[in-house]
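In my numbering, the protein residues as written are 105 to 434. Please read the structure below before turning to the comments.
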């Protein structure tokens, strides 16, 4: 009971924080809901639906490819349904990891002998997704280097991204290194940590992903393509709202990956509130003046993702077993 009460308090604080951010943005005029109405027109609605659907499908395929590395060859439709259930729980549970836990729960239910694979597959799926965000942000900054160099704030941000990319690459390199694994160097160090047995099992499972570079690189490429479709949706939303008609496409590709990283922080349901604030400040930094384009386009994307999440709710109701409280509130 004490643990449940603590979890409930934490989730309540996250929801209050999210609502507070949205309220501040609306009251200050930084979030323009009226500008989203134009997206309901057929010339915008149909391509918007296709772009978000493509993003969801590629995200699902990334996870399916990673599962193949663990010798699980699931049909695309099966992983897509589990991914949609995960999207639904991203909105239903405060924090961006709720959906990952639910995906792992159902995969473990379907394959009881592969609980470790279930946990590490969603972990690696999340890690590679974040890695692709960092990579895209870095590539976008290099593409528009003159703008980055001319803006002191962007210059500092560039070196932060370089640092993140370097640390992430080295981290993945250590986990995937065949030499370190054969020598047993990593295992010896992990044996000295608390919970050594479980930690070693996780490392061994994660190491398997590095043995199939084709699937690993394919997952990163799918992540970049999925992000591209999301950014194209935001460009469409910006044009439909009338706020981004004069905005260069390169600006979206510069801002969006950084904003996506902010929404990935498990503070609010599906990054709602956090994303609006992050995109507002990021667009202002890049453009050099105040605009409510950022909060508007990320809100449009989150609404579209929520609609797909409703399909996930339908698939969830079809399942016989339901997610336990401890999993959904983690």
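All C-beta atoms, glycine included, are put in the ideal place defined by N, C-alpha and C.
Check                                                                                                                        : Outcome
Status (buried if at least 16 other CB within 10 Å, exposed otherwise) for residue 273                                       : exposed
Where the alpha helix (DSSP H) through residue 229 begins and ends                                                           : 219-247
Spatial neighbours of residue 184 in its chain, beta-carbon cut-off 7 Å, leaving aside the 5 residues before and after       : 161, 164
Neighbourhood of residue 311 by C-beta distance below 7 Å, restricted to the same chain and skipping five residues each side : 279, 280, 285
DSSP state of residue 295 mapped onto helix, strand, coil                                                                    : coil
Check whether residue 359 and residue 329 have beta carbons under 7 Å apart                                                  : no
Limits of the unbroken alpha helix (DSSP H) element including residue 380                                                    : 378-391
Own chain residues within Cβ distance below 8 Å of residue 170, not counting five before or after                            : 225, 228, 229, 232, 313, 319, 323
Three-state secondary structure (DSSP) of residue 403                                                                        : helix
Residue of 207, 153, 397 minimising C-alpha distance to residue 167                                                          : 207
Residue span of the alpha helix (DSSP H) that contains residue 159, given as start and end                                   : 146-173
Residue 303 versus residue 212 - alpha carbon distance                                                                       : 19 Å
Length of the line joining the Cα atoms of residue 298 and residue 219                                                       : 21 Å
Given residue 344 as reference, the closest of 404, 248, 174 once Cα atoms are compared                                      : 404
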